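Trainee:
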Amino acid sequence: MSEAASPPITLLDAPRVPRLSRFVVTPASLARFRRFATPVLLVLAWQAGVSFGVIPSRLVASPAAILETFWSLSASGELLENLLVSLGRVAVGLGIGVVAGVGFALVAGLSRIGEDAVDAPLQMGRTLPHLALVPLFILWFGIGETPKIGLVALGSVFPIYLNLFAGIRGVDPKLVEAANTLGLSRGELIRHVILPGALPSALVGLRYALGVAWLSLVVGEQINAQSGIGHMMMDAREFLRTDIIMVGLLVYALLGLGGDLLVRALERRALSWRSVFVS
Amino acid sequence: MVSAPAVRIRGLTRAFGGAPVLHSLDLQIAAGEFVALLGRSGSGKTTLLRTLAGLDPVQQGHVDMPARRAVVFQEPRLLPWKRVWRNVALGLRGEDVQARARAALQEVGLAHREDAWPLTLSGGEAQRTGLARALVRDPELLLLDEPFASLDALTRLRMQALVSALWVRHRPAVLFVTHDVDEALLLADRALVLEGGRIRTELAVRLPRPRRHAHPGFAELRSHLLLALGVDESRPEAGEVDPSFVQARPGAEIGAGVAV
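Protein sequence lines correspond, in order, to chains A and B.
Numbered as in the numbering used here, the first sequence ends at 280 without a single skipped number.
Numbered as in the numbering used here, the second sequence ends at 255 without a single skipped number.
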């Protein structure tokens, strides 16, 4: 027993090792910081370039100015107001896109007739760059909210449809067969076997759709918008406020990143059954 | 006691395009009887089992079978996104579904894994879950499609004992498709050999239970069954198909002398 008692002592000591290494420069930690060296140097060079007048601030604001503007726009509530408008457009557009995409994928995935009816037009529509429809959208829907939301919805339909459709068709037929021997009804089969089986692909589709949604929003908000991050940026252009434009870009980037993190979190939760592979 | 047979098949013919896989096949399985079905690859064993499982339509012939049937496949075929007990409970109707699923898992010795994800189960545990999923339906006919084929030898022995015990307790009629002659003799009341789309050989296994390889009758039955499968143990090239034997009696009831 005395022999068995000794290992826990080293185990208790173990957590201290990484804590120490945080202050000690090891080759491994150095390598980790090396990755950040170039971006940091670039930002420093950028700041220096603007400060010493090498880069005209009319073209690019300095990082310090951007941060300052970010702060003042946040404090005045202007940023939040426009951000909420943009978020609203993405939410509604993506919502419509997801509902339509899931609907089409179910129709096409669950029956041959449905596939014949739905798949061809959607595959054709997919090859069309949807952002090229902007002029047509303006003619159809004017310059209000509709073309902006419509653009987001249209862009996000295809990735949702394609991935969920492929997911439904990719469900292991052996599982479907086994479920049939268990006396499941058609509805139960879809709910318990087919949809959960297609979920991993559907979530990949959602991630793509989210990316396309932001892209569509950026383009859509440049159509005579009265509010939103895009409007804020277009407005700033009139007054040569590159700092505000840069803040807008920063916000777009952060929103894209945030959306991706959200779907990843959703994935971790919904697909915890396969975490044995992932972690 | 004369009870109605659980399964009665008359003149079942099934073809997939070309030559029929099952050719006017007749078969009866008594209620509570354990029948092993052997045959070479492609002899139609699985087609017959799938017909009884309701996975393959009856095109020609008559098949009477009980309403309550359950299948255990070679691969466990568990839904990986449902925890073990939910897999067992899948498709159950009525009350206390969870309690019934738990009881079935307890019976196969898996009570401690009821909340596990199927992907974390070992091969043996997964097949136990498959057995529990079949048992919980209280089947009158239990269909086993080579359920132990991909298990290691020791696990297979334990699973054979488990199936035997469960059968004794619940007494469903069983159709057990296997490649393994020993396994058939350890478990079945009757061993059938499928060949050319029909039951060519029928062998009653009247060994006392629990069965043991060491029983004097075992070796004899084993060579009969192997002979029916085209393996002649007494010949030096034992293990290979003897073409002269097969050709000598085309279509004959090879094991007729053995069947009791």
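Using N, Cα and C, we set each Cβ at its ideal position, and we do this for glycine too.
Because the structure is a prediction, the values reported are computed rather than measured.
Do B/Val53 and B/Thr46 count as a contact pair if the criterion is CB distance below 8 Å?
Mentor: Here residue 46 of chain B corresponds to residue number 51 of the second sequence, with the count starting at 1. Here residue 53 of chain B corresponds to residue number 58 of the second sequence, with the count starting at 1. Taking 8 Å as the Cβ cut-off, B/Thr46 and B/Val53 qualify as a contacting pair.
Trainee: Mind pulling the chain B residues with CB within less than 7 Å of A/Gly184?
Mentor: What you label residue 184 of chain A is simply residue 183 of the first sequence in a count that begins at 1. Those are Gly86, listed as they occur along chain B.
Trainee: For A/Val264, I'd like the list of residues in its chain whose CB is within less than 7 Å of its CB, leaving aside the five on either flank, ordered along the chain.
Mentor: Stepping through the first sequence from its first residue, residue 264 of chain A is reached at position 263. The residues are Leu204, Leu207, Arg208, Leu211.
Trainee: What residues in the stretch 176 to 209 of chain A have a beta carbon less than 9 Å from any beta carbon of chain B?
Mentor: Leu176, Glu178, Ala179, Ala180, Asn181, Thr182, Leu183, Gly184, Leu185, Ser186, Glu189, His193, Val194, Pro197, Gly198, Leu200
Trainee: What is the DSSP secondary structure of B/Ala233, counted as helix, strand or coil?
Mentor: Looking up residue 233 of chain B in the second sequence gives position 238. Model confidence at B/Ala233 stands at a pLDDT of 48, short of 50, so the residue's coordinates are unreliable and nothing is read from them.
Trainee: A/Arg275 versus chain B: which residues are under 9 Å apart at the beta carbon?
Mentor: Locating residue 275 of chain A in the first sequence gives position 274, where the first residue counts as 1. Within chain B, the residues near A/Arg275 are Pro75, Trp76, Trp112, Leu114.
Trainee: Helix, strand or coil for B/His256? Go by DSSP, reduced to three states.
Mentor: For chain B, the structure presents residues -4 to 255; residue 256 of chain B sits outside this window and is missing.
Trainee: In three-state DSSP terms, what is A/Ile56?
Mentor: The residue given as residue 56 of chain A occupies position 55 in the first sequence. The answer is coil: DSSP assigns A/Ile56 none of H, G, I, E or B.
Trainee: How many Å lie between A/Arg269 and B/Arg193 at the Cα?
Mentor: The sequence position of residue 269 of chain A within the first sequence is 268, counting from 1. The sequence position of residue 193 of chain B within the second sequence is 198, counting from 1. Roughly 52 Å separates the two Cα atoms.
Trainee: Can you pull the chain A residues whose beta carbon is under 8 Å from the beta carbon of B/Glu70, in chain order?
Mentor: Here residue 70 of chain B refers to the residue found at position 75 of the second sequence. Within 8 Å Cβ-Cβ: Lys175.
Trainee: Applying the 10 Å Cβ sphere with the 16-neighbour rule, what's the burial state of A/Asn164?
Mentor: Taking the first residue of the first sequence as 1, we reach residue 164 of chain A at position 163. Answer is buried; the Cβ neighbour count reaches 16.
Trainee: Within 8 Å of any Cβ in chain A, is that where the Cβ of B/Leu50 sits?
Mentor: Taking the second sequence and counting its residues from 1, one reaches residue 50 of chain B at position 55. Yes, because at least one Cβ of chain A sits closer than 8 Å to the Cβ of B/Leu50.
Trainee: Could you check if A/Ser55 is buried or exposed, using at least 16 other CB atoms within 10 Å of its CB as the buried criterion?
Mentor: For the purposes of this step, residue 55 of chain A is identified with residue 54 of the first sequence, where counting begins at 1. In the sequence on display, residue 55 of chain A carries Val and not Ser. Counting Cβ neighbours within 10 Å, A/Val55 comes out exposed, since fewer than 16 surround it.
Trainee: Using the beta-carbon count (16 or more within 10 Å), is A/Gly151 buried or exposed?
Mentor: Looking up residue 151 of chain A in the first sequence gives position 150. Buried, since its Cβ has 16 or more Cβ neighbours within 10 Å.
Trainee: What is the DSSP secondary structure of B/Gly192, reduced to helix, strand or coil?
Mentor: By one-based count along the second sequence, residue 192 of chain B stands at place 197. Note: B/Gly192 maps to coil in three-state DSSP.
Trainee: Spell out a yes or no on whether the stretch 138 to 156 of chain A and the stretch 75 to 91 of chain A are touching, meaning 3 or more CB-CB pairs, one atom from each, closer than 8 Å.
Mentor: yes
Trainee: Would DSSP call B/Pro15 helix, strand or coil?
Mentor: By 1-based counting over the second sequence, the position of residue 15 of chain B is 20. B/Pro15 falls in the strand class under three-state DSSP.
Trainee: Going by DSSP in three states, A/Ile139 sits in which element: helix, strand or coil?
Mentor: Taking the first sequence and counting its residues from 1, one reaches residue 139 of chain A at position 138. Shown here, A/Ile139 sits in a helix according to DSSP, grouped into three states.
Trainee: I'd like to check one pair, B/Leu137 with B/Ser159: are the Cβ atoms closer than 8 Å?
Mentor: The residue you call residue 159 of chain B lines up with position 164 of the second sequence. The residue you call residue 137 of chain B lines up with position 142 of the second sequence. No, these two residues do not count as a Cβ contact at 8 Å.
Trainee: Within 8 Å, do at least three Cβ pairs link the stretch 59 to 72 of chain B to the stretch 205 to 221 of chain B?
Mentor: Between the stretch 205 to 221 of chain B and the stretch 59 to 72 of chain B, the count of C-beta pairs closer than 8 Å stays below three; the two stretches do not touch.
Trainee: Look at the alpha carbon of B/Arg81 and the alpha carbon of B/Leu7, and state the distance between them as a whole number of angstroms.
Mentor: Sequence index remark: in the second sequence, residue 81 of chain B carries index 86 (1-based). Sequence index remark: in the second sequence, residue 7 of chain B carries index 12 (1-based). Roughly 36 Å between the two C-alpha positions.
Trainee: Below 8 Å CB to CB, which residues in the same chain sit around A/Ala32 once its five sequence neighbours on both sides are set aside?
Mentor: Working through the first sequence from its first residue, we reach residue 32 of chain A at position 31. There are no such residues.
Trainee: To which residues of the same chain is A/Ser52 closer than 7 Å at the C-beta, ignoring the five residues directly before and after it?
Mentor: Numbered from its first residue, the first sequence carries residue 52 of chain A at position 51. Ser63.
Trainee: How would you list, in chain order, the residues of chain A whose beta-carbon sits under 7 Å from the beta-carbon of B/Val66?
Mentor: Your numbering for residue 66 of chain B matches position 71 in the second sequence. The contacting residues are Thr182.
Trainee: What ranges does the alpha helix (DSSP H) occupy inside the stretch 215 to 256 of chain A, keeping only unbroken runs of at least 4 residues that lie completely in it?
Mentor: 230 to 239
Trainee: Can you list, in chain order, the residues of its chain whose CB lies under 6 Å from that of B/Arg64, leaving out five sequence neighbours each side?
Mentor: As a position in the second sequence, residue 64 of chain B is number 69, starting the count at 1. Around B/Arg64: Pro134, Leu136.
Trainee: For the alpha helix (DSSP H) holding B/Arg81, just list the boundary residues, first then last.
Mentor: The residue you call residue 81 of chain B lines up with position 86 of the second sequence. It spans 79 to 84 - the alpha helix (DSSP H) in which B/Arg81 sits, taken as one unbroken run.
Trainee: Give the secondary structure of A/Ile114 by DSSP, where H, G and I count as helix, E and B as strand, and everything else as coil.
Mentor: As a working mapping, residue 114 of chain A is identified with position 113 in the first sequence. Reduced to three states, the DSSP call for A/Ile114 is helix.
Trainee: If you drop the 5 nearest sequence neighbours on each side, which residues of the same chain put their C-beta closer than 8 Å to that of B/Arg153?
Mentor: Translated into positions along the second sequence, residue 153 of chain B becomes position 158. Counting only Cβ-Cβ distances below 8 Å, and skipping sequence neighbours, we find Gly119.
Trainee: By DSSP, does B/Val158 sit in helix, in strand, or in coil?
Mentor: By one-based count along the second sequence, residue 158 of chain B stands at place 163. In this structure, B/Val158 counts as helix in the three-state DSSP scheme.
Trainee: Roughly how many angstroms separate the alpha carbons of A/Pro57 and A/Leu45, rounded to a whole number?
Mentor: Here residue 57 of chain A is taken as the residue at index 56 of the first sequence, counted from 1. Here residue 45 of chain A is taken as the residue at index 44 of the first sequence, counted from 1. About 16 Å.
Trainee: Would you call B/His219 buried or exposed, if buried means 16 or more other Cβ atoms sit within 10 Å of its Cβ?
Mentor: Locating residue 219 of chain B in the second sequence gives position 224, where the first residue counts as 1. Buried: at least 16 other Cβ atoms inside 10 Å.
Trainee: Looking only at its chain, what residues have a beta carbon closer than 6 Å to the beta carbon of B/Arg123, apart from the 5 residues adjacent to it on each side?
Mentor: Counting from 1 along the second sequence, the entry for residue 123 of chain B is found at position 128. If we look at B/Arg123 and ignore the five residues flanking it on each side, its Cβ neighbours are Val103, Leu105.
Trainee: Examine the Cβ distances between the stretch 171 to 186 of chain B and the stretch 139 to 153 of chain B and report whether three or more of them are shorter than 8 Å.
Mentor: yes
Trainee: I believe B/Leu33 touches B/Leu187 by the beta-carbon criterion, under 8 Å. Please report the beta-carbon distance rounded to the nearest angstrom.
Mentor: Counting from 1 along the second sequence, the entry for residue 33 of chain B is found at position 38. Counting from 1 along the second sequence, the entry for residue 187 of chain B is found at position 192. That pair is a contact at about 7 Å.
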